[in-house]
Amino acid sequence: MPKLPGPHDIDLKERPDFIVFLEEEKERTGIGSNLIRKLVPNLPDSLTRIRCHNIYTRRIRFITPEEYNFLVSGYAQLPTVERVDLTEEVLVKIEALMEEKRVGPSQISKALPRSLGFNVNIFRTWIVREIRTADKRHLKGVMDFLETYSPKPQAPKPKPTPPKLTPITQEYLTKLEAEIERTNVTPSKMVKILGESKSLASRITSWRKGENKEAHPHVMEYVLELYSKLPDPRQW
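Here the sequence shown is numbered in the numbering used here, starting from 1124 and rising by one per residue.
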């Protein structure tokens, strides 16, 4: 069951003027439900982030006198700033520049002087279209930064160095032939049994014929490892 209102709670259904007040103050100061909780002291314990948001969006009917006084006195402490419209065209341009320059809200907010009072939370209210106007100084600072910022060129990734080839020694060929003789399995048959590629069988054959005298050492080791998995038919 929903919590019953207290005897002194304020019925917002009977106070539409208060909702209008919140909207006007949010536009005047650029401070919405989330920021006012962070900027104004003596926050009531009951005024959680979600509850405060629900008051602004008219999802809550009753509020306590402490919550009411906090919001009214809180906005009275906040200055009126010269504001400009946050048009959709401006916001789309900001988002495009952020993507182009590969910068995020945190980097943008740190680029503006701290004296302006701009922060990530204010920027978030722009991007999610929570408010329709912005502090003129904030918008100018953000646009100046985005339009002049040059991302550091990314260092090219070093191309992987191909593994060095190593000579196919007679000692290695002797081991290979010994495995072929032990298992009585040719390279072409071995790759079929173990599910390896046909190209590996062709490579082994070229080693045995002396057509390729060098190979990647890990491939040479892998071939001997594959043969070691095959049983000796004389032990069946």
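C-beta: ideal position from N, C-alpha, C; glycine also.
Computed from a predicted structure; not experimentally measured.
Environment of residue i [buried if 16+ CB atoms lie within 10 Å]
{"i": "Tyr-1345", "result": "exposed"}
{"i": "Arg-1172", "result": "exposed"}
{"i": "Ala-1257", "result": "buried"}
{"i": "Thr-1309", "result": "exposed"}
{"i": "Leu-1209", "result": "buried"}
{"i": "Gly-1318", "result": "exposed"}
{"i": "Ser-1311", "result": "exposed"}
{"i": "Ser-1325", "result": "exposed"}
{"i": "Ser-1156", "result": "buried"}
{"i": "Gly-1190", "result": "The sequence shown places Glu at residue 1190, rather than the Gly named in the question. With 16 or more other Cβ atoms within 10 Å, it is buried."}
{"i": "Ile-1250", "result": "exposed"}
Own chain, CB closer than 6 Å to residue i, minus 5 neighbours either side, in chain order
{"i": "Met-1124", "result": "Bear in mind that a pLDDT of 48 at Met-1124, under 50, signals an unreliable position, so the number given afterwards is only what the model happens to contain. Taken in chain order, the list of residues that qualify is empty."}
{"i": "Tyr-1198", "result": "Glu-1148"}
{"i": "Trp-1330", "result": "Ile-1291"}
{"i": "Val-1163", "result": "Gly-1197"}
{"i": "Leu-1323", "result": "Val-1314"}
{"i": "Arg-1357", "result": "none"}
Close Cβ partners of residue i (< 7 Å) along its chain, the five nearest in sequence each way excluded
{"i": "Asp-1140", "result": "none"}
{"i": "Ser-1232", "result": "Phe-1241, Asn-1242, Val-1243, Phe-1246"}
{"i": "Arg-1160", "result": "Leu-1166, Leu-1170, Arg-1172, Cys-1175"}
{"i": "Asp-1355", "result": "Arg-1305, Thr-1306"}
{"i": "Arg-1182", "result": "none"}
{"i": "Ser-1320", "result": "Val-1314"}
8 Å Cβ shell around residue i - same chain, five flanking residues per side excluded
{"i": "Ser-1293", "result": "Position check: residue 1293 holds Gln in this sequence, whereas Ser was assumed. No residues qualify anywhere along the chain."}
{"i": "Lys-1332", "result": "none"}
{"i": "Val-1215", "result": "none"}
{"i": "Leu-1135", "result": "Phe-1141, Ile-1142, Ile-1178, Arg-1181, Ile-1183, Arg-1184, Phe-1185, Ile-1186"}
{"i": "Leu-1127", "result": "none"}
Contact under 8 Å by Cβ, residue i with residue j
{"i": "Phe-1193", "j": "Ile-1133", "result": "no"}
{"i": "Leu-1288", "j": "His-1341", "result": "no"}
{"i": "Ile-1217", "j": "Leu-1158", "result": "no"}
{"i": "Ile-1316", "j": "Leu-1353", "result": "yes"}
{"i": "Lys-1224", "j": "Tyr-1272", "result": "yes"}
{"i": "Glu-1150", "j": "Arg-1255", "result": "yes"}
{"i": "Val-1195", "j": "Thr-1152", "result": "no"}
{"i": "Thr-1180", "j": "Pro-1167", "result": "no"}
{"i": "Leu-1262", "j": "Val-1226", "result": "no"}
{"i": "Tyr-1350", "j": "Glu-1300", "result": "no"}
{"i": "Leu-1239", "j": "Arg-1252", "result": "no"}
{"i": "Leu-1235", "j": "Gly-1264", "result": "yes"}
{"i": "Leu-1201", "j": "Ile-1142", "result": "no"}
Mind pulling the beta strand (DSSP E) runs of 3 or more residues that sit fully within the region 1218-1287? 1256-1258
Is the region 1269-1284 in contact with the region 1295-1304, if contact means three or more CB pairs nearer than 8 Å? no
Could you tell me whether the region 1218-1231 touches the region 1266-1279, where touching means 3 or more Cβ pairs closer than 8 Å? yes
May I have a chain-ordered list of the beta strand (DSSP E) segments no shorter than 3 residues that lie completely inside the region 1161-1219? 1206-1208
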